[in-house]
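*Asks:*
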Amino acid sequence: MLKYIVRRFLIFIPTLVAISLLAFVISINSPADPVEQLARSATSEGNTNSESSATEKIKNEIRERLGLDLPVFYFSVKTWADCDTLNNITSKAQRESLTGLTRQYGNWEIIQKYRITLQHFISDINSYPKDSTSAEIINDLRFTSLSMQETSDPVIIDSKMMALKTLTDSLEQQNLSHSLTTLNKSFDAVKSNSSTWLNYLPRIQLNGFNNQYHIWILGDLFTGKTRNRKGVLRGDFGNSYADNQPVINKIKQTFLYSFVLVVISIIMAYAISIPLGIYAAYKADSIFDNVSSVIIFMLFSLPSFFAGTWLLYYFANPDHFMWFPTGGVNDPAVFDENWSLWKKLMHQSPYFVLPVITYTYSSFAFTSRIMKVSILDVLGQDYIRTARAKGLSEYTVLTKHALKNAMLPMITMFANIFPAAVGGSVILETIFSIPGMGSEIYNAVVGTDIPMIVAVFTITGFLTVIGYLFSDILYAFIDPRIKYEN
Amino acid sequence: MKTSDNFSFGKYAWEQFKKKKTAYLSFYIIVSLFIVALLSPFLANHQPLFVKYKGISYFPAFSTLVNSAKIDTIQLAQGKFDVVNFNDIDWRSKNKDFVIWAPIPYSPNFTDKYNRDYTSPTDNQRYKNHEGKIDNIPFRLRHFMGTDKLGRDVAAGIVHGAKISLLVGIFSMLLAALIGIPLGAFAGYYGNSEVKVSRFQYWMTAFGLFIGLFVAFVSRSQIISSSFQESILSGTWSFLVSLFIIMVAYFLFSFLGKKLAIGSFLKKEVDVPIDAFVSRTIEILNSLPSLILIITIAAIINERSLVVLVLIIGLTSWTGIARFMRAEMLKIKELEYIQTAKVLGFSDRRIIFGHALPNGLAPVFTSVAFGIASAILTESGLSFLGIGVPDDIITWGNLLSLGREEFEASWLVIFPGLAIFVTVTAYNLIGEGLRDALDPKLKK
Chain A
302 MLKYIVRRFL
312 IFIPTLVAIS
322 LLAFVISINS
332 PADPVEQLAR
342 SATSEGNTNS
352 ESSATEKIKN
362 EIRERLGLDL
372 PVFYFSVKTW
382 ADCDTLNNIT
392 SKAQRESLTG
402 LTRQYGNWEI
412 IQKYRITLQH
422 FISDINSYPK
432 DSTSAEIIND
442 LRFTSLSMQE
452 TSDPVIIDSK
462 MMALKTLTDS
472 LEQQNLSHSL
482 TTLNKSFDAV
492 KSNSSTWLNY
502 LPRIQLNGFN
512 NQYHIWILGD
522 LFTGKTRNRK
532 GVLRGDFGNS
542 YADNQPVINK
552 IKQTFLYSFV
562 LVVISIIMAY
572 AISIPLGIYA
582 AYKADSIFDN
592 VSSVIIFMLF
602 SLPSFFAGTW
612 LLYYFANPDH
622 FMWFPTGGVN
632 DPAVFDENWS
642 LWKKLMHQSP
652 YFVLPVITYT
662 YSSFAFTSRI
672 MKVSILDVLG
682 QDYIRTARAK
692 GLSEYTVLTK
702 HALKNAMLPM
712 ITMFANIFPA
722 AVGGSVILET
732 IFSIPGMGSE
742 IYNAVVGTDI
752 PMIVAVFTIT
762 GFLTVIGYLF
772 SDILYAFIDP
782 RIKYEN
Chain B
5 MKTSDNFSFG
15 KYAWEQFKKK
25 KTAYLSFYII
35 VSLFIVALLS
45 PFLANHQPLF
55 VKYKGISYFP
65 AFSTLVNSAK
75 IDTIQLAQGK
85 FDVVNFNDID
95 WRSKNKDFVI
105 WAPIPYSPNF
115 TDKYNRDYTS
125 PTDNQRYKNH
135 EGKIDNIPFR
145 LRHFMGTDKL
155 GRDVAAGIVH
165 GAKISLLVGI
175 FSMLLAALIG
185 IPLGAFAGYY
195 GNSEVKVSRF
205 QYWMTAFGLF
215 IGLFVAFVSR
225 SQIISSSFQE
235 SILSGTWSFL
245 VSLFIIMVAY
255 FLFSFLGKKL
265 AIGSFLKKEV
275 DVPIDAFVSR
285 TIEILNSLPS
295 LILIITIAAI
305 INERSLVVLV
315 LIIGLTSWTG
325 IARFMRAEML
335 KIKELEYIQT
345 AKVLGFSDRR
355 IIFGHALPNG
365 LAPVFTSVAF
375 GIASAILTES
385 GLSFLGIGVP
395 DDIITWGNLL
405 SLGREEFEAS
415 WLVIFPGLAI
425 FVTVTAYNLI
435 GEGLRDALDP
445 KLKK
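Chain order of the listed sequences is A and B.
The first sequence lines up with residues 302 to 787 when you count with my numbering.
The second sequence lines up with residues 5 to 448 when you count with my numbering.
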């Protein structure tokens, strides 16, 4: 037994690592640039259009705080053409365009020269004296050349070159035309000196502990630097992009509502489905059995968002029955945090009636199907026939002999139902506007708040795996028929 | 039981399936849904199927299907011209000689400006008649299931939504089956110790996979992403090329490893734990709540399209199928006829795909039927939240979410909700029927 539990634990750890890796891969592959997102909220609206050094500085600070200037993982698989210091570039779009160019031409040194000439050209434009006649042209020039930094398609770069040429020609300025010619030459050099084959040679680079994954999962541990990050394992999921609050605090606030709803609904679902399953098996093939199984089947297929919306439509609608509030968890006009628990309960319970009904029926439909199948399965076994042959009453056979074994699948269900409840609650919490984990992840998705999404993803994954672990171990204790030794 | 020569399990199972009335009825519901989905452009269209207008016959519903911007010029008697623009024309207000409307004379995206703001099915519905006056709508042109805020017909949305939910259900499960069946079959058939290769070949194959993955997704990353920007089709093509490269690298290196193994150390045979790989992957995928996983991926991809939705649902829901297939394969591989086939020297591939798989497919069919039901539920749930398909595609889910905005409009909740409910129930009943029909043990 002990051996089994130890082995089960050993499987449990790589699964956790895999989930964390999956969550991390998702978080770094999001198309949104967190630096831009955070910088936009940090700087005032007025000076966002100017690429001022102040904005640049803020962006660099954010990058450093998030650890984005570091390599992604403990090791990185690169091509021989790739550059090592790409992570130092602030803008994600520019990084992507440089990677794109490298993957196309495979000559990093020459691409770097092209980048430097392009930056020189932009600073030339920026230092050009502005007067009323040329202001518009200068603006166009700057816009085109800045956008050139963010593209890697040679056709687009060439067409932008042409556009720059017509613009500088119209200015008749020797200095600018000259630096444009240099820029043009440097890009031609990129195109003519390509060494694409370098891209097909793999190279593995070790990065040590100072990498993004390590900081994400373990924080400052072993890195030798202080970034004020504790890491996911110590409960730090970073700050939300939406309001810069620690994600874990937001989750703590919201988790309780989701958890209470799930627990109440599971208890109710079990309380109804277990007696129902026993009675249906007791009266097998009776009208009660047939009718109840049809109803359960229909509930099983009934989409919970349909049922939820429909319940709201009938029971929280002044035109029909205004029995329950339309949504939320309390009435902010009268609710007071300092109320006694009893008063809070009395105030809040009407808000939970419709959500609990919707939650319960969907898990109830699921549990009672499992219950019925497993009790029928047990009833077909030899020891039940023996019990009946001994002359025991059907009631005793069912409750004393069959029930215990029929409950076994329900234990597994307990682990299964948790992720189902959290996942399903995204829709239900949105319908009933309950400020739980589900509506939190919904808001995060709508606002591309990646740390929040990844945190919910990781936490639900971890909790589920822990649930499986517990149910497996519990199983090992309860069911003597299962052999765990190899 | 018949024992004639042309007895087949398929026929027998079909007979059993037909005996179960609810499943048989559900089968016909799904078939008719398929027909509705296929014919949806002609069942719900604001362009008439046939119209005779100023002496000329048109087939607007058909011609707009081929060419959406069709403009026709009619020469009138006194040298005047009249332009018939199929995009703008409101056929309802024209004086037509003869017209055949589609059964539902509205398209899902057609906004009826005279019946805006949630016109109920029983309301007084209005239209502009051929004299240019606003009048009560004739019975034939009524919105039988009402309209939404913009004046879009709900019935038309239901008909076109059938297409979307069937597409999502079928194609995502097809993808799931394509992944789940082979993986489950290999895991079940080979187990952890059935396949033995030389140590060198094991390493070489792993190295080949690494090289393949590297070339496919690191070296070619730029090619793939730029072709995805070009179009979904060319992106998919270069993605497939990448997969092909992985396969080539795999076969090449495993062949080299087989041929080049020398010395007792390199030649020593080691087990390939195929079952462990597959089972661990399934366990990890199963430990993530599927809706959370799908929502997260949808948020990261940040592109709302049907193809992406089908891919996400398919790639996350193959585990159920693989588990059934694996369990079935574990049983089948112990059967005598498989042992016989092995003794006869049949290749593994022939045994798995030719002999074992066909016998193990029964529970997979059941699982696919239930899977379609849950894929449809997932799709409509996502559309309900507004993170599934693009806004301009009308689905049952987003019709239902429109109803949430306006509580008076009960028809926006009831009709799409019933459509989802009926379809999901039908698929679940088919699943049950298949399980009973295909599992000979349950038979009395």
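Backbone N, C-alpha and C fix where the C-beta goes; we use that ideal spot for every residue, glycine too.
Since the structure is predicted, the reported quantities are computational estimates derived from the model, not experimental observations.
Report the neighbours of V378/A on chain B: residues whose CB is nearer than 7 Å to its CB, in chain order.
*Replies:* By 1-based counting over the first sequence, the position of residue 378/A is 77. What V378/A touches in chain B: F218 and V222.
*Asks:* For Y466/B, does the three-state DSSP call read helix, strand or coil?
*Replies:* Missing from the structure shown is residue 466/B; chain B here goes from 5 to 448 and no further.
*Asks:* Does DSSP put A617/A in a helix, a strand or coil?
*Replies:* The count along the first sequence starts at 1 and reaches residue 617/A at position 316. Looking at A617/A - three-state DSSP - the assignment turns out to be strand.
*Asks:* So, for N290/B: in the same chain, excluding its five sequence neighbours on each side, which residues have a beta-carbon less than 7 Å away from its beta-carbon?
*Replies:* Sequence index remark: in the second sequence, residue 290/B carries index 286 (1-based). These residues qualify, in order along the chain: T323.
*Asks:* Counting only C-beta atoms, is Y542/A closer than 8 Å to chain B at any point?
*Replies:* Counting from 1 along the first sequence, the entry for residue 542/A is found at position 241. By this cut-off, Y542/A is not an interface position.
*Asks:* Please classify T386/A: is it buried, with 16 or more other beta-carbons within 10 angstroms of its beta-carbon, or exposed?
*Replies:* In the first sequence, the residue the question calls residue 386/A occupies position 85. Exposed, because fewer than 16 other Cβ atoms sit within 10 Å of the Cβ of T386/A.
*Asks:* So, under 8 Å CB-CB, G155/B and D127/B are touching, yes? Tell me the CB distance rounded to an integer number of Å.
*Replies:* The sequence position of residue 155/B within the second sequence is 151, counting from 1. The sequence position of residue 127/B within the second sequence is 123, counting from 1. Contact flag wrong, Cβ pair sits at about 12 Å.
*Asks:* Roughly how many angstroms lie between the CA atoms of F625/A and Q649/A, to the nearest whole one?
*Replies:* Position 324 of the first sequence, counted from the start, is the residue given in the question as residue 625/A. Position 348 of the first sequence, counted from the start, is the residue given in the question as residue 649/A. Looking at the two C-alpha atoms, the distance is approximately 11 Å.
*Asks:* Helix or strand or just coil, what does DSSP make of V563/A?
*Replies:* On the first sequence, residue 563/A is found 262 positions in, with the first residue counted as 1. Looking at V563/A - three-state DSSP - the assignment turns out to be helix.
*Asks:* Which chain B residues are close to Q413/A, counting only those with a beta carbon under 9 Å from its beta carbon?
*Replies:* Start at 1 with the first residue of the first sequence, and residue 413/A comes out as number 112. Here the premise fails: no neighbours, minimum Cβ distance about 17 Å.
*Asks:* Decide if K551/A is buried, meaning its Cβ has at least 16 other Cβ atoms within 10 Å, or exposed.
*Replies:* For the purposes of this step, residue 551/A is identified with residue 250 of the first sequence, where counting begins at 1. When all chains shown are included, K551/A counts as buried.
*Asks:* For R503/A, which of helix, strand or coil comes out of DSSP?
*Replies:* Taking the first sequence and counting its residues from 1, the one referred to as residue 503/A is at position 202. Checking the sequence, you will find Pro at residue 503/A rather than Arg. Strand at P503/A.
*Asks:* Could you tell me which chain A residues have their CB closer than 7 Å to the CB of E383/B, listed as they occur along the chain?
*Replies:* One-based indexing of the second sequence puts residue 383/B at position 379. Going along chain A, no residue has its Cβ under 7 Å from E383/B, so there is no contact; the nearest lies around 11 Å.
*Asks:* Considering only their Cβ atoms, is the gap separating A106/B from M329/B smaller than 8 Å?
*Replies:* Counting from one through the second sequence, the residue named residue 329/B turns up at place 325. Counting from one through the second sequence, the residue named residue 106/B turns up at place 102. Not in contact: M329/B and A106/B (Cβ atoms no closer than 8 Å).
*Asks:* If we count Cβ pairs, one from each stretch, closer than 8 Å, do we get three or more for the region 223 to 230 of chain B versus the region 359 to 378 of chain B?
*Replies:* Verdict: no, contact absent.
*Asks:* Spatial neighbours of S231/B within its chain, please: CB distance less than 8 Å, with the 5 preceding and 5 following residues excluded, ordered by chain position.
*Replies:* Numbered from its first residue, the second sequence carries residue 231/B at position 227. Excluding residues within five positions, the ones whose Cβ falls inside 8 Å are S238, G239, W241 and S242.
*Asks:* Can you tell me whether DSSP reads N639/A as helix, strand or coil?
*Replies:* The residue labelled residue 639/A in the question sits at position 338 within the first sequence. Coil at N639/A, not helix or strand.
*Asks:* Out of M623/A, F622/A and K645/A, point me to the one whose CA is closest to P633/A's CA.
*Replies:* Along the first sequence, one-based indexing puts residue 633/A at 332. Cα-wise, what sits closest to P633/A is K645/A.
*Asks:* If V428/B and I398/B are in contact, beta carbons under 8 Å, what's the gap, nearest whole angstrom?
*Replies:* As a first step, residue 428/B is located in the second sequence; it is residue number 424 there, counting from the start. As a first step, residue 398/B is located in the second sequence; it is residue number 394 there, counting from the start. The Cβ separation is near 19 Å, so there is no contact.
*Asks:* Could you check what DSSP says for F38/B in three-state terms: helix, strand or coil?
*Replies:* The sequence position of residue 38/B within the second sequence is 34, counting from 1. If DSSP states are grouped into helix, strand and coil, F38/B belongs with the helices.
*Asks:* Express the C-alpha separation of T452/A and K98/B in angstroms, rounding to a whole number.
*Replies:* Within the second sequence, the letter at position 94 stands for residue 98/B. Within the first sequence, the letter at position 151 stands for residue 452/A. Taking the straight line joining both Cα atoms gives about 52 Å.
*Asks:* Given this structure, state the Cα-to-Cα distance separating K414/A from V491/A, to the nearest angstrom.
*Replies:* The count along the first sequence starts at 1 and reaches residue 414/A at position 113. The count along the first sequence starts at 1 and reaches residue 491/A at position 190. Cα-Cα distance, rounded: 9 Å.
*Asks:* Quick check on S331/A - is its C-beta less than 8 Å from some C-beta in chain B?
*Replies:* Position 30 of the first sequence, counted from the first residue, corresponds to residue 331/A. S331/A counts as touching chain B.
*Asks:* For A464/A, which option in I359/A, S478/A, L477/A and T445/A has the closest C-alpha, if you only look at C-alpha atoms?
*Replies:* Residue mapping note: residue 464/A aligns to position 163 of the first sequence, counting from 1. If we check each option's Cα against that of A464/A, T445/A comes out closest.
*Asks:* Tell me the DSSP bridge mates of K153/B?
*Replies:* To locate residue 153/B, count along the second sequence from 1; it is residue 149. In the DSSP output, where bridge partners are listed per residue, K153/B has none listed.
*Asks:* Is the distance from the Cβ of L472/A to the Cβ of S435/A below 8 Å?
*Replies:* Here residue 472/A corresponds to residue number 171 of the first sequence, with the count starting at 1. Here residue 435/A corresponds to residue number 134 of the first sequence, with the count starting at 1. Yes, these two residues count as a Cβ contact at 8 Å.
*Asks:* Residues of chain B with CB closer than 7 Å to the CB of Y769/A, please, in chain order.
*Replies:* Here residue 769/A is taken as the residue at index 468 of the first sequence, counted from 1. Near Y769/A (Cβ distances below 7 Å), the residues of chain B are S291.
*Asks:* Can you confirm whether I327/A, when its beta carbon is compared against all beta carbons of chain B, has any partner nearer than 8 Å?
*Replies:* Taking the first sequence and counting its residues from 1, one reaches residue 327/A at position 26. Yes - at least one Cβ of chain B is within 8 Å of the one on I327/A.
*Asks:* From G421/B to I671/A, what does the alpha carbon distance come to, in whole angstroms?
*Replies:* As a first step, residue 421/B must be located in the second sequence, where it is residue number 417. As a first step, residue 671/A must be located in the first sequence, where it is residue number 370. So the alpha carbons of these two residues sit roughly 26 Å apart.
*Asks:* Here's the rule I'm using: 16 or more other beta-carbon atoms within 10 Å means buried, otherwise exposed. How should G267/B be labelled?
*Replies:* The residue you call residue 267/B lines up with position 263 of the second sequence. Classification for G267/B: exposed.
*Asks:* Does any CB atom of chain B fall closer than 8 Å to the CB of E346/A?
*Replies:* Counting from one through the first sequence, the residue named residue 346/A turns up at place 45. The pLDDT assigned to E346/A is 48, lower than 50, so where the model puts this residue is not dependable; a value taken from the coordinates is nonetheless given after this. With 8 Å as the cut-off, E346/A does not count as an interface residue toward chain B.
*Asks:* Assign W517/A to one of two classes, buried (16 or more other C-beta atoms within 10 Å of its C-beta) or exposed (fewer than that).
*Replies:* Numbered from its first residue, the first sequence carries residue 517/A at position 216. Answer is buried; the Cβ neighbour count reaches 16.
*Asks:* Taking only beta-carbon atoms, is L311/A less than 8 Å away from chain B?
*Replies:* Taking the first sequence and counting its residues from 1, the one referred to as residue 311/A is at position 10. By this cut-off, L311/A is not an interface position.
*Asks:* Name the chain B residues that come within less than 8 Å of T434/A, Cβ to Cβ?
*Replies:* Counting from one through the first sequence, the residue named residue 434/A turns up at place 133. Here the premise fails: no neighbours, minimum Cβ distance about 38 Å.
*Asks:* Tell me whether K22/B sits in a helix, a strand or coil according to DSSP, three-state version.
*Replies:* The count along the second sequence starts at 1 and reaches residue 22/B at position 18. Looking at K22/B - three-state DSSP - the assignment turns out to be helix.
*Asks:* Run through chain A and tell me which residues come within less than 9 Å of A181/B, C-beta to C-beta.
*Replies:* Along the second sequence, read from residue 1 onward, the residue named residue 181/B stands at position 177. Per Cβ cutoff of 9 Å: no residues; A181/B is ~22 Å from chain A at best.
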